[in-house]
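Student: Note that this note's numbering numbers the sequence shown so that position 132 is 118, with each residue one more than the last.
After the structure tokens below, expect a handful of questions from me.
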Amino acid sequence: MFNPRDWYWLAADGRLFGSGRGGLVADAENDAAYAAWRDLGRSATPWPSDAEGEQTTAALQEVLAPFGLFADLVAYAADRRWSKEVGGLTVAGVPIATDDRSKVMIIGARVAAEADAGWSTTWHGADGGTYPVDAAAMLVISDAIQAHVNQSFATFAAVKADIEAGEITTAAEVDAAFA
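In structure tokens:
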């Protein structure tokens, strides 16, 4: 029976990914865990291909993502970046949601606030409360949201570079970078 948290995907070039270990199997022919898994009558699923027919890490990540699994540490870091970006923040006492829909609403409110210094609204906070927000406050809120998003991407770029340099090697280190 397929268990995405305990499965293997085999690429034509010999790469073998094990979801239970969250990474590539270094020596598939001599790996005891893989051998025991196969002894249960299982066989690795072919590594998925992208639109060009290439068996890429990104194509594997698309298969793993619905299960909250990651093909490599960079994919994990990308997920942490997204979680940080959409995790919200509090600006001027207003808890602000930063999911994609909320950011669109904030952009619209900013445009209105820039066009009319007398603009105001009652904003629905991320905590379910309502908050009076005037034009000046909306400019502060939208600037803070933009800085928050920019910081999440800057942190990801630094983390990705550190992963590629071998300086970050664990999910805990990625988590610490985004804390």
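The beta carbon of each residue, even a glycine, is placed where N, CA and C say it ideally should be.
#1: Exposed or buried, what is I131 when buried is set at 16 or more other beta-carbons lying within 10 Å of its beta-carbon?
#2: When the distance is taken between beta carbons, is F142 closer than 8 Å to R67?
#3: What residue from G0, T155, V135 has the CA that sits closest to K89's CA?
#4: Between the alpha carbons of A83 and G73, how many angstroms are there, rounded?
#5: Contact between the stretch 36 to 56 and the stretch 97 to 114 is defined here as three or more beta-carbon pairs at a separation below 8 Å; is this criterion met?
#6: List the residues that DSSP assigns as beta-bridge partners of A117.
#7: When DSSP builds the beta bridges, which residues end up paired with T155?
#8: Provide the residue span of the beta strand (DSSP E) that contains V80, from first to last.
#9: May I ask which residues mark the beginning and end of the alpha helix (DSSP H) holding W23?
#10: Got a sec? Which residues, its chain only, sit under 7 Å from L160 by beta carbon, not counting five neighbours each side?
#11: According to the Cβ coordinates, are L75 and A30 closer than 8 Å?
#12: Between A51, A18, D120, which lies nearest to P34 when the distance is taken from Cα to Cα?
#13: With DSSP as the reference, label G54 as helix, strand or coil.
#14: How about I127 and A78: do their beta carbons lie closer than 8 Å?
#15: Among all the DSSP beta bridges, which residues are the ones paired with F3?
#16: Give me the Cα-Cα distance between R96 and M124, rounded to the nearest whole angstrom.
Tutor: For this structure:
#1: Answer is buried; the Cβ neighbour count reaches 16.
#2: Annotated as proximal: R67 and F142, with beta-carbon spacing under 8 Å.
#3: Ranking the options by Cα distance to K89, first place goes to V135.
#4: The alpha-carbon separation between A83 and G73 amounts to approximately 7 Å.
#5: Contact between the stretch 36 to 56 and the stretch 97 to 114 is absent, because fewer than three Cβ pairs lie under 8 Å.
#6: With the sequence shown as reference, residue 117 is identified as Tyr, and Ala is not the correct amino acid for it. BP columns for Y117 point to W109.
#7: Looking at the DSSP assignment, T155 forms no beta bridge with any residue, so it has no partner.
#8: It spans 80 to 82 - the beta strand (DSSP E) in which V80 sits, taken as one unbroken run.
#9: Counting along the chain, W23 sits inside the alpha helix (DSSP H) bounded by residues 18 to 24.
#10: The amino acid at residue 160 is misidentified as Leu; the sequence shows Val. Counting only Cβ-Cβ distances below 7 Å, and skipping sequence neighbours, we find L59, Y62, A63, R66, V145, I154.
#11: No, they are not a contact pair.
#12: Selected option, being the one with the closest Cα: A51.
#13: Coil.
#14: It is a contact, given that the beta carbons lie within the stated cut-off.
#15: Looking at the DSSP assignment, F3 forms a beta bridge with W(-5), L10.
#16: Near 6 Å, if we compare the C-alpha coordinates of M124 and R96.
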